[in-house]
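J.: This structure is in structure tokens; I'll ask about it shortly.
Numbering (our numbering), first residue to last: 10 to 330.
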């Protein structure tokens, strides 16, 4: 009963603090929106968050896992260790004027927060600061961590931090994302592997002696068609996305190099691995047919998250309170 009373009091303290400091967090969100820095280049965004957390009494470790814009902010000690994820990277080419529902770039071609990470990063920090103030006021045990995870859109930040062991002593991780409705997400989410497929051919003049060339672009197009046909024969839960990064320079030169990025998703990491094996065959087949060479590079990979149903129910109850 005492624990319940303390938690209820802590929740009230947190709510009151966030209401009182709302303009502070709105200002930070606008600041991150204006910075709009892409993955691994979030220098000003990360610095602004780090400085704020340091002023709030958090111990801030910078340059985590070899990434200058990654950080860990820690307050308190002992168990439980509760972490909150903060993201703050923007997307290329999505510059947008504030408050506009339709596309209206602030600066054409510049980055922008099309995925709302200015909100995500700010709210994660606000929640951590509010929770820590409540922890101190109610003299609650435990540690609060805020993980600054850069380059979420590139699938890199959390992966490198995981490999560096920064989550080893963390008991539970809280994460959220801007959406059209407030909800607790306990449904399965997809595993993802990002790849880069390169084709190497032989250049030649497209008019004078095309028979001497071996088109890397032809190979890439054949590969892309194979992946398109594969979509009929994969599970309904699977997804295949791609974007062409390099298809040659000028039409009258047969390109000796082409590059495409392909992302694979499904409900489990095992299922994604199976898609990857089939994708490799498609790349090799396209290269064989066009007398070129294929190279598949894994850029990043994330597994399907393990949802904590108990924490989910607690969060749902708090949202309904």
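Built from N, CA and C at the ideal position, the CB exists for glycine as well.
None of these values were measured; they are calculated from a predicted model.
Contact check, residue 155 vs residue 95 under 8 Å by CB: the rounded distance?
T.: 6 Å
J.: Would you check if the stretch 257-274 and the stretch 174-181 touch, i.e. whether three or more CB-CB distances between them fall below 8 Å?
T.: Three or more beta-carbon pairs separated by less than 8 Å are not found between the stretch 174-181 and the stretch 257-274, which leaves the two stretches without contact.
J.: Taking the alpha-carbon positions, what's the residue 77 to residue 92 distance?
T.: Counting only the Cα atoms, residue 92 lies some 20 Å from residue 77.
J.: Assign residue 108 to one of two classes, buried (16 or more other C-beta atoms within 10 Å of its C-beta) or exposed (fewer than that).
T.: exposed
J.: Just verifying my parser: in three-state terms, what is the DSSP assignment at residue 113?
T.: coil
J.: CA-CA distance, residue 110 and residue 123?
T.: 11 Å
J.: Taking the C-alpha atoms as reference points, what is the distance between residue 330 and residue 323?
T.: Distance between the alpha carbons of residue 330 and residue 323 is about 11 Å.
J.: Roughly how many whole angstroms lie between the Cα atoms of residue 210 and residue 311?
T.: Note on geometry: alpha-carbon atoms of residue 210 and residue 311 lie some 32 Å from one another.
J.: Between the stretch 250-268 and the stretch 210-230, do three or more beta carbon pairs fall short of 8 Å?
T.: As far as the Cβ criterion goes, the stretch 250-268 touches the stretch 210-230, which means the pair count is three or higher.
J.: Using DSSP with H/G/I as helix, E/B as strand and the rest coil, what is residue 183?
T.: strand
J.: Residue range of the beta strand (DSSP E) that residue 169 falls in?
T.: That residue, residue 169, is in no beta strand (DSSP E); its alpha helix (DSSP H) goes 166-172.
J.: For residue 134, does the count of other Cβ atoms within 10 angstroms reach 16, so buried, or fall short, so exposed?
T.: buried
J.: Looking only at its own chain, which residues have a Cβ that is under 8 Å from the Cβ of residue 2, when we skip the five neighbours before and after it?
T.: With the chain represented from 10 up to 330, any question about residue 2 goes unanswered, as that position is not in the structure.
J.: Just mark residue 117 as buried or exposed, buried being the case when its beta carbon has 16 or more other beta carbons within 10 Å.
T.: The residue is exposed, with fewer than 16 neighbouring Cβ atoms inside 10 Å.
J.: Per DSSP, residue 275 forms a beta bridge with which residues?
T.: 200
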